[in-house]
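Protein chains: 2
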Amino acid sequence: MDFKQYWSARQKKVEAALNKALPSSSTKPSTIHKAMRYSLFAGGKRLRPIITLAAAEVINGKYDNALAAACAVECIHTYSLIHDDLPCMDNDDLRRGKPTSHKVFGEGMAVLAGDALLTIAFEIVAATRPTARYNAADYVKEVAYAGGSLGLIAGQVADLEGEGKKTTPAQLRYIHERKTAALITSSIRLGAMSSNATEKQLASLTEFGQNLGLAFQVIDDILDITQTSEQLGKSAGKDLKAQKSTYPSVLGLKKAEAEAARLTARASAALKPFGKNAEPLELIADFLLNRKN
Amino acid sequence: MDFKQYWSARQKKVEAALNKALPSSSTKPSTIHKAMRYSLFAGGKRLRPIITLAAAEVINGKYDNALAAACAVECIHTYSLIHDDLPCMDNDDLRRGKPTSHKVFGEGMAVLAGDALLTIAFEIVAATRPTARYNAADYVKEVAYAGGSLGLIAGQVADLEGEGKKTTPAQLRYIHERKTAALITSSIRLGAMSSNATEKQLASLTEFGQNLGLAFQVIDDILDITQTSEQLGKSAGKDLKAQKSTYPSVLGLKKAEAEAARLTARASAALKPFGKNAEPLELIADFLLNRKN
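Protein chains in written order, with the numbering used here: chain A, 1 to 293; chain B, 294 to 586.
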């Protein structure tokens with residue numbers, strides 16, 4: 001399997017589906033649709049939607065019915081970045097080398113663009129075709145859980161409240177599990193659900209997602225201090241500067257690397273029941289866990 | 294029918310259902326759940342949820358299956374107030390005589406509390422029991438449309454962009470239809486859908502809702518300049534001070550009053566097909582349109 005080709009083929013499908021799902025830039029009122037599209041098409045890797053498609057493929061070899069959910073999780077991810085970048089949150093001026101939404105459209109419009117992407121995510125995911133085991137109510141509940149006050153938002157809150165304070169390893173894990181791993185896990189679960197996964201299959205993929213999601217964030221933390229800005233393609237040492245607690249800062253670099261390896265091994269083990277069918281997810285996991293930027 | 298008793302009985306049901314639907318104040322992370330509850334239980338009249346219940350009753354005399362949708366529209370309404378009050382939007386310090394969310398919890402937390410209420414609205418509405426004609430996908434789509442970039446958010450955007458500029462009657466209608474009437478209309482539609490309304494019944498109630506929603510806002514505009522702060526129980530003349538375009542400021546008071554009467558008559562006419570069954574909605578419309586605060 002050619003991984004690059006696998007990725008870029010699905011990336012194109014996601015781009016096209018997102019483009020179709022969002023109102024055009026000229027739809028009135030055009031400012032909000034321009035703002036939604038500005039952040040949604042800012043050159044993201046489409047990691048979450050692609051793992052949604054890959055999870056669907058692991059179950060039944062197809063990903064057509066996972067496209068809506070794939071778009072929905074990308075909308076949730078993008079909304080969370082827009083709100084996260086606001087002056088009252090992380091106060092970031094740049095995202096992927098481009099000015100952040102509030103820098104371009106103003107703070108009020110950035111709040112609304114995030115709100116609108118969050119709202120449309122539910123409309124999009126609800127259009128997923130029901131399977132024998134799951135329906136719109138299940139898909140919506142999954143997105144609401146991942147994005148809600150016990151998931152993504154819980155992570156943001158704990159992050160916001162922890163700034164400048166000493167963080168224990170347990171608190172850090174709490175933040176990362178919610179801020180990063182929850183949506184990655186649901187991205188995988190939604191793909192599997194749209195392919196009518198059995199309860200057992202869903203449990204295995206959930207286990208895979210939780211470990212992959214956490215490992216992804218630990219590695220992100222590690223790269224922030226071990227790589228140069230040039231290698232990362234974004235400012236290195238950002239966490240240190242913002243006095244954010246990270247795995248290396250709380251556990252030390254050695255222990256953080258060991259933790260990443262442990263989580264990676266657990267993620268990999270969870271794919272065992274799928275045998276050769278799990279190849280796409282395995283390659284994605286390899287790619288994420290061995291990346292240098 | 295004793296209207297006061299009718300209202301207060303349903304209000305109690307809505308309070309109880311909202312209380313059950315929201316995580317408790319002590320659920321971790323507690324700050325976000327305290328913030329969600331602070332605004333949701335700030336003494337609102339529960340207008341939107343009660344018209345959801347009333348619309349359900351008009352169709353089949355019952356409102357049990359409309360309770361989830363009723364809670365969802367109140368969560369949407371409350372989220373929109375929290376974000377609307379932010380310094381980067383209307384910058385209001387007080388709401389119903391109490392400090393606004395960002396004044397109590399800080400701006401970052403207020404953004405997140407709004408996000409969390411918006412998110413949970415979809416989880417709640419998706420739990421509505423499907424009827425022969427409608428299912429979770431329909432309910433979610435309805436909420437997403439009312440709250441999204443073509444509904445509520447479109448109204449906010451046009452409002453934000455219109456500040457300090459001269460507004461035409463058509464632009465003002467555009468704003469009010471989206472900022473106020475869209476969610477009121479969907480509140481009614483959701484109640485009707487949860488009671489398995491026919492297409493024709495839904496069309497009549499949609500017509501009712503659009504006219505009621507618009508009339509409600511025109512009257513709000515009129516009261517802002519004709520009543521004292523004491524009569525209103527909130528600062529009178531707020532729109533004038535904020536240089537907001539309103540029906541009286543754009544059309545003049547006389548024409549605004551005529552427009553309110555015209556819309557009211559149209560709303561009333563749309564209820565004709567329901568005969569005596571429409572009594573609750575008629576009384577609610579009377580109450581809203583003849584109110585003095």
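Ideal Cβ placement from N, Cα and C applies to all residues, glycine included.
- Within the DSSP secondary-structure output, R95(A) pairs in a beta bridge with K98(A).
- CA-to-CA, the gap between S245(A) and H370(B) works out to about 36 Å.
- Y139(A) carries a helical assignment under DSSP once its states are collapsed to helix, strand and coil.
- The beta carbon of E163(A) is closer than 6 Å to none in its chain, skipping five residues each way along the sequence.
- For the segment 419–442 of chain B, the residues whose beta carbon sits under 9 Å from a beta carbon of chain A are, in order, A419, A420, T421, P423, N428, A429, A430, D431, Y432, V433, K434, V436, A437, Y438, G440, G441 and S442.
- Nearest CB-CB separation between C75(A) and chain B: not below the 8 Å threshold.
- Any Cβ of chain A closer than 8 Å to the Cβ of M486(B) would place that residue at the interface, and such an atom is absent.
- Residue environment: K472(B) is assigned as buried (16 or more neighbouring CB atoms within 10 Å of its CB, all protein chains considered).
- Within the segment 544–569 of chain B, complete alpha helix (DSSP H) segments of at least 4 residues are found at 546–563, given in chain order.
- Within chain A, the residues D115, L118 and T119 have their CB atoms less than 8 Å from the CB of L411(B), given in chain order.
- By the rule that beta-carbons nearer than 8 Å mark a contact, M294(B) does not touch chain A.
- D514(B) places its beta carbon 8 Å or farther from that of K531(B).
- By the CB criterion at 8 Å, S479(B) and A439(B) fall inside the cutoff.
- Classified as buried, G448(B) has 16 or more neighbouring CB atoms from the shown chains inside 10 Å of its CB.
- When only Cα atoms are considered, A269(A) and F208(A) end up about 8 Å apart.
- Closest in alpha carbon position to D159(A), among Q243(A), D64(A), T119(A) and A70(A), is Q243(A).
- Taking a cut-off of 8 Å for Cβ pairs, the segment 324–332 of chain B and the segment 460–475 of chain B do not touch, as fewer than three such pairs fall below it.
- Around N211(A), the same chain offers L263, R266, A267 and A270 as residues with beta carbons nearer than 7 Å, after the five sequence neighbours per side are excluded.
- Per DSSP, P130(A) lies in no alpha helix (DSSP H) segment and is marked neither H nor E.
- In this structure, the CA atom of F567(B) is about 24 Å from the CA atom of A361(B).
- Using a Cβ-Cβ cut-off of 8 Å, V450(B) counts as an interface residue toward chain A, since at least one Cβ of chain A sits closer than that to its own.
- Annotation: D383(B) is outside any alpha helix (DSSP H) and is labelled neither H nor E by DSSP.
- Here DSSP, grouped into helix, strand and coil, assigns M294(B) to coil.
- If you draw a 10 Å sphere on the C-beta of D115(A), you find 16 or more other C-beta atoms in it, and that means buried.
- Within chain A, no residue has its beta carbon less than 8 Å from that of A359(B); the closest one is some 16 Å off.
- For E367(B), same chain residues with a beta-carbon under 8 Å away, outside a window of 5 residues either side, are V307, L311, L333, G337, R339, R341 and P342 in chain order.
- Annotated as distal: N196(A) and Y247(A), with beta-carbon spacing of 8 Å or more.
- Boundaries of the alpha helix (DSSP H) harbouring D221(A): E199 to T226, taken from the DSSP string.
- Each residue's CA atom was taken as its position, placing H83(A) and L94(A) some 13 Å apart.
- Closer than 7 Å at the C-beta level to chain B, one finds these residues of the segment 78–103 of chain A: H83, L86, C88 and M89.
- Nearest to E107(A) by alpha-carbon distance, out of C381(B), K548(B), V404(B) and L544(B), is C381(B).
- Unbroken alpha helix (DSSP H) runs of no fewer than 4 residues, entirely contained in the segment 25–89 of chain A, are found at 30–40, 47–60 and 67–84, following chain order.
- Counted as a single uninterrupted DSSP element, the stretch harbouring Q243(A) is not any alpha helix (DSSP H), since DSSP gives it neither H nor E.
- The alpha-carbon separation between L405(B) and S317(B) amounts to approximately 17 Å.
- In this structure, DSSP gives P462(B) a helical state, which the three-state scheme calls helix.
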